[in-house]
Structures are given as C-alpha cells and as structure tokens.
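Here's the structure we're looking at; comments come further down.
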Amino acid sequence: MRKLKYLVLMTMMSATGLEYANAQSKDKLMIYQMLPRVFSNTNSQNIPFGTIEQNGSGKFNDINQKAIDGIKELGITHVWYTGVIAHASLTDYSKYGIPTADADVVKGRAGSPYAIRDYYDVDPDLAVDVKNRMKEFEALLQRTHKNGLKVIIDFVPNHVARSYKSIAKPAKVIDFGAQDDKSVAYHPRNDYYYVPGKDFVVPTDSNTNDGLASLKDGKFAESPAKATGNNVFSEAPSKNDWYETVKLNYGVDNQNSSKTYFDPIPPVWNKMRDILVYWSNKGVDGFRCDVAEMVPVEFWNWVIPELKKVKPSLVFIGEAYDPTAYETYLTKGKFDYLYDKVGLYDGLKRLMRNEQDAKTADIDHVWQVESANFGNKMLRFLENHDEERIASKAFAGDPMLAVPAMVVSATLSGGPVMLYSGQEVGEKAEGISGFSGDDGRTTIFDYWGVPALQQWVNNGKYDGALLSDSQKALRAFYSKLFKIAGKSDAIINGKHYNFPLGHDSRGYAYLRYTEKERMLIVVNFDRAQSLEREINIPAELLSGTKPASATELLNGAAVQINDQTIRVKVAPSAAQIIKF
69 MRKLKYLVLM TMMSATGLEY ANAQSKDKLM IYQMLPRVFS NTNSQNIPFG
119 TIEQNGSGKF NDINQKAIDG IKELGITHVW YTGVIAHASL TDYSKYGIPT
169 ADADVVKGRA GSPYAIRDYY DVDPDLAVDV KNRMKEFEAL LQRTHKNGLK
219 VIIDFVPNHV ARSYKSIAKP AKVIDFGAQD DKSVAYHPRN DYYYVPGKDF
269 VVPTDSNTND GLASLKDGKF AESPAKATGN NVFSEAPSKN DWYETVKLNY
319 GVDNQNSSKT YFDPIPPVWN KMRDILVYWS NKGVDGFRCD VAEMVPVEFW
369 NWVIPELKKV KPSLVFIGEA YDPTAYETYL TKGKFDYLYD KVGLYDGLKR
419 LMRNEQDAKT ADIDHVWQVE SANFGNKMLR FLENHDEERI ASKAFAGDPM
469 LAVPAMVVSA TLSGGPVMLY SGQEVGEKAE GISGFSGDDG RTTIFDYWGV
519 PALQQWVNNG KYDGALLSDS QKALRAFYSK LFKIAGKSDA IINGKHYNFP
569 LGHDSRGYAY LRYTEKERML IVVNFDRAQS LEREINIPAE LLSGTKPASA
619 TELLNGAAVQ INDQTIRVKV APSAAQIIKF
C-alpha cells in the first residue's frame with residue numbers, strides 16, 4: 069500500500085519538482101517544552117546525585133510574568149510543563165503524608181517523571197508550600213492562560229510507579245490494583261499483570277556504587293511481582309528494563325497471543341478517562357501521551373472522543389515511533405498529532421552530524437511517503453527530554469549547526485514544532501549528573517541546574533543579561549523562525565513544491581505557497597561550501613503575476629529576482645526563507 073502511494077505521488081513530478089497539497093491546518097502549534105524542576109533552578113552546584121537541598125529545584129511560582137514573557141518572545145503558543153504529575157522520588161515529604169519511595173525502584177534521586185506515584189497529585193518538589201502544591205500549580209495555569217498561552221502536560225497511560233498509591237484521589241476513586249485477583253497472571257478485570265507465586269526481585273546489577281548505593285538494600289517487597297512497563301512478564305527484570313514501573317492492563321493478554329478483552333470496557337479505561345477529565349477540568353489544554361503505541365489503539369479511539377465531549381478544544385499528542393502505525397493512530401486512534409522522530413528527526417540528525425550516509429533524500433521520503441497526506445499532523449523537533457542536546461559532544465557540538473534542520477522542521481508542514489528549554493541558548497548538557505551519567509542529555513532523574521539556561525534566567529530576572537553574543541544570536545534566530553512559521557499562511561496552509569538540487573547536494577529547497585503568500589525555503593547542510601543556485605519558479609505557481617521583489621525574512625535582506633528566477637547564495641550550515 070505504501071509502495072502504491074509512493075508511485076502515485078511520483079507521477080505528479082514535473083521536470084523541476086514535485087507539487088504536494090497537504091491537508092489544511094487552522095493554526096500551527098508552537099510548543100515550548102520545559103521541565104519546571106530544572107527550568108527556573110538557579111542553584112549551580114550540580115553535585116552528582118545531589119539532594120534537593122544541595123542542588124535545588126525550580127518551582128511553579130518561579131515561572132512568573134517575566135519568565136512567561138520570555139517564552140512568548142520566542143513565538144510560542146503552547147507550553148508543555150513536563151513532570152507536573154506526582155512521581156516516585158527519594159526526597160522525604162512524609163510529614164505531609166506523602167510516602168517516600170524505595171531507592172531500589174527509583175531511578176535517580178529526583179526520580180523519573182514517567183514513574184507516576186499519584187495521578188491526582190502534583191510533584192511536591194515544585195511547590196514552595198508543599199501543603200498548597202496544587203494551588204500553586206493552578207496559579208501557574210492561570211498565569212499561563214492570562215498571557216495567551218495554552219498548557220500541555222504529560223499523560224502517562226502505559227505504566228505507573230511500582231509504589232503507586234494515590235493520597236489525593238477524589239472520593240469514590242478506586243486505586244489501581246485495589247480489586248485485582250492477584251492469584252492469576254491475567255484477568256480482564258485486573259488493573260495489573262502478575263507473576264503468581266513469585267516475589268519481585270530487585271535487579272542484582274542495579275545496586276552498584278552509583279552515589280545512591282547506601283540507600284539500597286535490594287529488599288523492595290512486592291508479592292506477587294508485577295510486569296514492568298516495558299512488557300517484561302518476569303519477577304526479575306534487568307537494570308536495563310523499566311524495572312521501576314508496572315504495566316497497566318487495557319484488556320490485552322500479552323502472554324496469550326495478545327488476545328483482547330474490550331467488551332465490557334476494562335476498568336483501566338474508565339479510570340484513565342476520569343484522570344484526564346480531572347486535569348481537563350483544572351484548565352489543562354492538551355496532553356502529550358507517553359509511549360502511546362504501547363496502549364491499544366482501541367482505547368484512544370474511545371477515550372479521546374470521550375474527553376472532547378467534556379472539552380472539544382483539547383489537544384492530544386501521541387509519542388509514536390512506528391511509521392507504519394502513524395495513520396492508524398491518527399485515524400482510528402483519533403490523535404490530533406504524533407511525534408515525527410523516526411523519520412524527520414533521525415534524518416536531520418544525520419545531516420547535522422555530517423554523517424557519511426546523511427542525505428537530503430530522507431526529507432523527501434518523510435513528506436512524500438512516510439507522512440504523505442498527514443504531514444500537518446506530525447510534531448517536529450530537534451530536542452526533547454529523551455534526546456541529546458544539539459550542542460553536546462554526543463550530537464553536533466555546535467548549536468548553530470541546527471539552523472538548516474530547525475528551519476526544515478518548522479516550515480516543512482503546518483504541523484506543530486517544538487523547542488526544548490535550553491535549546492534556544494545552546495545548552496551542552498556536560499558532565500555526570502547522577503543516574504543519567506554523561507550522555508549529552510539534561511537529566512530528568514536528578515536535581516540539576518541547566519547552565520546555559522541559567523544564564524538567561526539570570527537569578528530570576530529572565531533577561532538574558534549573562535548570555536554571550538553567540539547565545540543571544542541563537543535565541544534571536546529561534547524567535548524569528550518561530551514567529552515566521554507560526555504566522556505564515558503559506559507555511560500553515562500552503563501547498564508544497566520541491567526543487568531538486570541533486571542527490572549529491574547537501575542543499576534542500578522547496579516552496580510553500582497559497583494564493584495569499586509564497587515562501588521559498590533553501591537550506592544548506594554543507595559545513596564548508598556555500599550553496600549557490602538560480603531557482604526558477606514555475607509560472608503556474610505565480611497566480612499570473614511576476615513578483616517585483618523578494619525578501620529574506622531571517623535577516624531582512626533584499627533578494628535578487630528576475631522575472632521567475634530567484635538567485636540564492638546560502639552560507640554553510642545556514643538557511644534562507646524568502647518571501648516574494
């Protein structure tokens with residue numbers, strides 16, 4: 069089927085390019101992802117495996133008017149507050165009635181934001197007054213909305229922390245597992261999967277000298293053992309598994325040919341619907357749904373329409389990694405948007421890293437084949453909490469090498485584009501932070517500060533006074549690009565026309581156009597050579613008019629145009645967006 073779709077598209081090719089009409093989009097989501105724990109943390113000690121007292125933590129209250137103004141300056145429409153819902157950690161909040169997790173089943177000292185310990189609570193690390201932590205989050209919601217921005221939070225449907233127990237649940241809510249039959253491995257009405265007759269075994273190689281060894285005794289008690297979030301149906305997962313989490317049962321018997329039990333509706337479905345309604349009623353505008361493909365598409369087909377009955381404007385973004393399943397999760401699954409990681413991100417990363425097998429044809433494959441007809445439904449990005457920082461030695465080393473890739477990410481379609489906090493100022497994520505190690509990522513498991521971001525935060529002034537000139541230039545680039553992409557009719561609603569520059573070229577060019585506007589995007593991934601071309605615009609795309617002038621929007625410079633021909637010269641690792 070995919071081959072047939074490709075052949076049909078190829079028949080549309082002309083001698084000069086390929087025209088492609090995408091589904092229209094009403095607007096373009098410009099998302100800023102931040103982990104509040106690190107976003108506003110001004111503590112710069114960064115002691116590996118440090119406590120919250122040693123390394124500090126950002127707070128909901130820190131994200132004040134100045135902070136939000138700084139985010140809006142980047143052309144943002146939505147803020148994704150990552151790690152809001154309460155998750156297992158090793159910080160002692162027992163005096164507030166919050167149980168402290170067992171170090172044997174927590175990754176890092178702060179813990180993974182994706183090991184939820186209470187779906188109805190927020191992370192106490194983020195509160196100035198722990199007793200009023202929910203009120204502080206609600207105030208942040210109000211501040212964000214008051215400034216014209218919408219709020220996205222994580223929804224983690226596939227698994228919970230091994231120590232899950234809700235202390236904040238509304239009356240009559242039944243906790244996960246409270247009514248399970250634990251004597252069987254699987255039952256359609258159970259919330260969890262079990263290993264009957266077996267006690268959970270802490271991974272033997274997880275109790276190493278990792279800075280938290282003194283807190284671990286290998287004796288976490290769980291009987292019978294439960295299956296892990298990454299589908300390990302054994303009492304003894306390895307340290308490389310999601311051993312700190314347990315998988316939820318959506319009516320699929322994974323150990324019996326994945327036989328399904330969707331009628332009657334599984335208890336987990338109703339519980340998750342109620343959780344989503346709870347957060348929607350607080351004012352949340354959308355959900356980034358963690359590992360959405362690990363939950364049956366039938367659940368999404370049911371729950372997303374259920375939630376949109378409550379709040380029609382809600383946005384659902386699915387974390388997805390299987391291109392062959394994209395269309396299913398968008399149509400049957402009812403998602404508004406999906407990640408575009410495996411296709412566009414991976415191809416652009418190879419180009420940014422100047423890898424030998426990198427090729428611009430990978431971009432063609434994304435919009436001509438992989439996401440043909442639903443490109444506007446794909447969320448594009450170059451950084452997030454799971455990926456390496458562009459400026460890290462593990463990735464590209466130089467944040468300016470992202471310029472051509474980010475321009476493609478932002479303008480290839482009318483779909484969402486995302487910026488991860490710190491990316492706009494070239495954060496390098498250097499050093500060993502704790503559980504994460506020195507992996508080129510900003511840790512999500514540890515109490516930590518983000519040095520480049522702290523330069524912009526400037527002890528809570530949020531004025532960027534401590535940024536270098538190159539950091540200021542990088543931030544200005546992102547601001548300019550996001551404002552162009554977020555407001556351009558051609559980029560949001562336009563058709564696509566490709567200009568082949570040769571298979572050996574590290575350049576890429578295409579036109580986004582509507583009757584109202586035309587945008588020529590030319591990028592150069594070559595690190596040494598400028599890209600010089602004369603690009604002829606087909607007469608049929610000019611609506612019968614010959615443009616008299618053209619402007620490069622990233623720097624405001626005039627561009628030479630002669631009848632239907634635009635001459636471009638793009639510097640190494642640079643890009644141009646030409647309006648004419």
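The opening position of the sequence shown corresponds to residue 69 in our numbering, with each subsequent residue numbered one higher. Where a beta carbon is used, it is the ideal one built from N, C-alpha and C, also for glycine.
Contact check, residue i vs residue j, beta carbons under 8 Å
i	j	result
Ile-603	Val-636	yes
Ile-221	Ile-153	yes
Ala-388	Ala-360	yes
Ile-645	Leu-610	no
Leu-412	Phe-593	no
Lys-96	Ile-552	no
Tyr-143	Ser-547	First, the amino acid is wrong: residue 143 is Gly here, not Tyr. Cβ atoms of Gly-143 and Ser-547: closer than 8 Å.
Val-437	Gly-415	no
Ile-634	Ala-618	yes
Ile-605	Gln-632	yes
Tyr-578	His-564	yes
Ser-598	Ala-625	no
Thr-313	Arg-421	no
Leu-344	Val-365	no
Asp-404	Ile-385	yes
Asn-452	Gln-101	yes
Gly-554	Arg-580	no
Pro-116	Gly-279	yes
Gly-176	Arg-105	no
Gly-490	Val-518	yes
Gly-124	Tyr-515	yes
Whole-angstrom C-beta distance between residue j and residue i, which should lie under 8 Å
i	j	result
Gly-443	Leu-487	At roughly 19 Å, the Cβ-Cβ gap does not stay under 8 Å, so Gly-443 and Leu-487 are not in contact.
Lys-127	Val-196	5 Å
Gly-179	Leu-158	7 Å
Leu-209	His-146	Actually they do not touch by this definition, with Cβ atoms about 13 Å apart.
Tyr-262	Pro-305	Contact doesn't hold; Cβ gap of about 14 Å is too wide.
Arg-586	Lys-540	Contact flag wrong, Cβ pair sits at about 31 Å.
Lys-445	Leu-398	5 Å
Ala-236	Tyr-188	4 Å
Gly-286	Asp-170	10 Å between Cβ atoms; not a contact.
DSSP state of residue i mapped onto helix, strand, coil
i	result
Ile-385	strand
Glu-492	helix
Asn-444	helix
Tyr-161	coil
His-433	helix
Ala-91	Reliability fails at Ala-91, whose pLDDT of 46 lies under 50, so the model's placement of it is uncertain and the value that follows must be treated cautiously. Note: Ala-91 maps to coil in three-state DSSP.
Lys-339	helix
Asp-414	helix
Gly-179	coil
Val-378	helix
Gln-522	helix
Asn-275	Since pLDDT at Asn-275 reaches only 46, below the 50 mark, its modelled position is unreliable, and the value read off the structure follows with that caveat. If DSSP states are grouped into helix, strand and coil, Asn-275 belongs with coil.
Tyr-100	strand
Glu-600	strand
Tyr-346	helix
Gly-138	helix
Ile-309	For clarity, residue 309 is Asp in the given sequence; the question names Ile instead. Residue state, collapsed to three classes: coil.
Ala-607	helix
Tyr-407	strand
Trp-370	helix
Val-320	strand
Phe-107	helix
Tyr-329	coil
Gln-113	coil
Gln-58	Absent from the model: residue 58. The displayed extent of the chain is 69 to 648, so no value can be given.
Contact with chain C by residue i, beta-carbon distance below 8 Å
i	result
Thr-110	The chain inventory of the structure shown lacks chain C, comprising one protein chain alone.
For this session: Say whether the segment 469-481 touches the segment 509-517, bearing in mind that this needs 3 or more beta-carbon pairs closer than 8 Å, one atom from each stretch.
Result: no
Exercise. Should the segment 252-263 be regarded as contacting the segment 391-407, the criterion being three or more beta carbon pairs within less than 8 Å?
Worked result: no
Exercise. Which ranges would you report for the alpha helix (DSSP H) in the segment 181-267 if only whole runs of at least 4 residues count?
Worked result: 201-214
Problem set entry | Sufficient close CB pairs (3 or more, under 8 Å) joining the segment 258-273 to the segment 350-369 | no
Problem set entry | Segment contact, 8 Å Cβ cut-off, at least three pairs: the segment 519-531 with the segment 133-148 | yes
Exercise. Is the segment 338-351 in contact with the segment 293-309, if contact means three or more CB pairs nearer than 8 Å?
Worked result: no
Exercise. Can at least three beta-carbon pairs, one atom from the segment 203-222 and one from the segment 535-549, be found at a separation below 8 Å?
Worked result: no
Exercise. Are there three or more Cβ pairs, one per stretch, closer than 8 Å when the segment 328-336 is compared with the segment 311-319?
Worked result: yes
Problem set entry | Those runs of the alpha helix (DSSP H) which lie wholly inside the segment 526-597 and span at least 4 residues | 537-555, 557-561
Exercise. How about the segment 180-189 and the segment 374-385: do they share at least three Cβ pairs that are nearer than 8 Å?
Worked result: no
Exercise. Is the segment 494-505 touching the segment 455-466 in the sense that three or more CB pairs, one from each, lie closer than 8 Å?
Worked result: yes
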